[in-house]
Structures are given as structure tokens and as C-alpha cells.
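J.:
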Amino acid sequence: MCLLAIAINEMGQFIEEKMMWVSMVAWIPWTALCLSLMVVTHLLPTYIRLIPGRIDIVRFDVLRDRLLESRSIELRSARIIACVQTFRTLVLITLDDNRMELDLRLMRERDRFVYYLFLAALSTHQAPPQADEVLVG
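Written out as C-alpha cells, the structure reads:
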């Protein structure tokens, strides 16, 4: 009887340790989900429109249909610095006191975007009339 009680006690401790491990492992996907949601909330709902001489950036909230930021910078007189690396591409656009920093880590074709950004800045064509309501909806 005593041996049976010891075996049951050992089995209970073993199961308790395994259950604690399972509950700790269950938190890993939730933590990853929360961290990815924070990244997506900050980076993904961004729309960039390049037209000759101007860049428009519109940022929306992920969870709610709300406009967070709408900015426009004239590129012809702006100072543009592009730092193109293997993993991270950073673009700084400065015009007087208006400074815009674009982190293009999640953009699929970063090099192509930087190329077209410089083309838009160097273009001498007249910008076509664009309605801002098209992006904001």
C-alpha cells in the first residue's frame, strides 16, 4: 500500500510539472501574436503615393477604420537620403522643418521604391491633379 501511495504521489508530481510546462508553452504563441500585432499596427497600414514632385503618405489604424496620419512632402526641393542595406532600408526626406522617416523593412521591393522615389524627385513633369479623398476614402 505504501509503495502504491508513493507511486501515485510521484505520478501526480510528474503530471503537475508537465502541465506547468504545457501552460508555459501555450503562452508562446499568444506572445508572438501580440508582438506581431504591435508591429503590424505600426508598419503595415501605410499607403504611399508617388507622383512627380510629391510623396503622399497615409497611415490607418489596423483595428479601427480610423485615419492616423496624412502627410505630403514636395520632393523637388527636399533633401532625400536613402540608406539601402541588405535587411533594412531607411529613407529620410527633409524639407525645412518637415522631416519624414520611412522604414521599408516590410516592403517587398525596397530597391525599386527608392529608385522611383528619386525619379519622382527629379521629374520635371507637371503633377496631375490628384484628389486626396481617393486615399482617405
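Just so we're aligned, residue 1 is where the sequence shown starts under my numbering, counting upward by one. Quick reminder that beta carbons are idealized off the backbone N, C-alpha and C, glycines included.
Can you give me the C-alpha to C-alpha distance between CYS83 and SER70, rounded to a whole angstrom?
T.: Taking the sequence shown and counting its residues from 1, the one referred to as residue 83 is at position 83. Taking the sequence shown and counting its residues from 1, the one referred to as residue 70 is at position 70. Their backbone Cα atoms lie some 24 Å apart in a straight line.
J.: Which residues in the same chain as ALA120 place their Cβ atom closer than 8 Å to its Cβ, once the five residues preceding and following it in sequence are excluded?
T.: Working through the sequence shown from its first residue, we reach residue 120 at position 120. Excluding residues within five positions, the ones whose Cβ falls inside 8 Å are LEU50, ILE51, PRO52, GLY53, ARG54, ILE55 and LEU75.
J.: Give the secondary structure of LEU35 by DSSP, where H, G and I count as helix, E and B as strand, and everything else as coil.
T.: Counting from 1 along the sequence shown, the entry for residue 35 is found at position 35. Residue state, collapsed to three classes: helix.
J.: For ASP56, which beta-bridge partners are listed by DSSP?
T.: Position 56 of the sequence shown, counting from 1, holds the residue named residue 56. Beta-bridge pairing links ASP56 to ARG49 and SER72.
J.: Within the same chain, show all residues whose beta-carbon is closer than 7 Å to that of MET107, passing over the 5 residues directly before and after it, in chain order.
T.: What you label residue 107 is simply residue 107 of the sequence shown in a count that begins at 1. Here the set comprises PHE113.
J.: For ARG110 versus THR124, is the C-beta distance shorter than 7 Å?
T.: For the purposes of this step, residue 110 is identified with residue 110 of the sequence shown, where counting begins at 1. For the purposes of this step, residue 124 is identified with residue 124 of the sequence shown, where counting begins at 1. Taking 7 Å as the Cβ cut-off, ARG110 and THR124 do not qualify as a contacting pair.
J.: Candidates ILE80, THR94, THR46 and ALA78: which alpha carbon is nearest ASP65's?
T.: Working through the sequence shown from its first residue, we reach residue 65 at position 65. Out of ILE80, THR94, THR46 and ALA78, THR46 has the C-alpha closest to the C-alpha of ASP65.
J.: Using alpha carbons as the reference points, say which of LEU63, MET100 and ALA32 lies closest to ARG79.
T.: Here residue 79 is taken as the residue at index 79 of the sequence shown, counted from 1. Here the closest residue by C-alpha is MET100.
J.: Using only alpha-carbon positions, find the residue among LEU35, LEU33, ASP103 and SER72 that is nearest to VAL138.
T.: Nothing about residue 138 can be read from this structure; the chain reaches only from 1 to 137.
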